[in-house]
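Residue numbers (this note's numbering): 17 to 193.
All residues carry an ideal CB built from backbone N, CA and C; glycine is no exception.
Only one structure is covered here, and it is reproduced in the block below.
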């Protein structure tokens, strides 16, 4: 199943009609109609991002996870478009996002909010700081993706033991391990 087909199924799961989907995703009604009626077409990154945000998903999850794993998330995800992001505290972040559209398209609303909330020494992040924290977010996302895949295999017991060992390692002394 391709991504536009997934989007169409998830929109149907939400019970949205074409106009409601377009409004919530912030896309043109003709674009929404194209996604819902001609799912064989490729989507632009910006459109993909808006659809994912409206559905309460990250672009990465929408692209990589199978539909059966997305349906429960959409059933319980908050509906509607996310609140507009305020870049006034991180002016360089908006420039970085524009200069790196492929990487920016993979950042979820929550990840963008996390970046906006970060502060460097004495103020907003520098371009170097932005790059550093985006790399950390990307590494974390890829690690979680891999852990999720491993958790669905016969290696679940091993994964549980490794996670428990690491969890115990980071607990403060006397925290009741």
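Only buried fits residue 20, as 16 or more other CB atoms lie within 10 angstroms of its CB. Judged by their CB atoms, residue 122 and residue 76 are nearer to each other than the 8 Å cut-off. With contact defined as three or more Cβ pairs closer than 8 Å, the segment 51-58 and the segment 22-35 are in contact. Here residue 72 carries a coil assignment [DSSP, helix/strand/coil]. Residues 141 and 149 of the same chain have their beta carbon placed closer than 7 Å to that of residue 134, with the five preceding and five following residues left out of the count. For residue 40, the uninterrupted alpha helix (DSSP H) run begins and ends at 34-41, by DSSP.
DSSP places residue 139 in the strand class (E or B) of the three-state scheme. With a cutoff of 8 Å on beta-carbon distance, residue 128 and residue 159 are scored as not near each other. Put simply, of 107, 113, 170 and 71 the residue whose alpha carbon is nearest the alpha carbon of residue 139 is 107.
Note that the segment 35-50 touches the segment 58-78; at least 3 beta-carbon pairs, one per stretch, sit closer than 8 Å. In its chain, beyond the 5 residues on either side, 68 have a beta carbon closer than 6 Å to the beta carbon of residue 78.
In the DSSP annotation of this structure, the continuous segment of the alpha helix (DSSP H) that includes residue 47 starts and ends at 45-53. Using a 10 angstroms sphere on the CB of residue 183, the tally of other CB atoms stays under 16, which defines it as exposed. Straight across, the Cα-Cα distance linking residue 31 with residue 83 is about 16 Å. At the C-beta level, residue 80 and residue 124 stay beyond 8 Å of one another. If you draw a straight line from the Cα of residue 178 to the Cα of residue 166, it is about 12 Å long.
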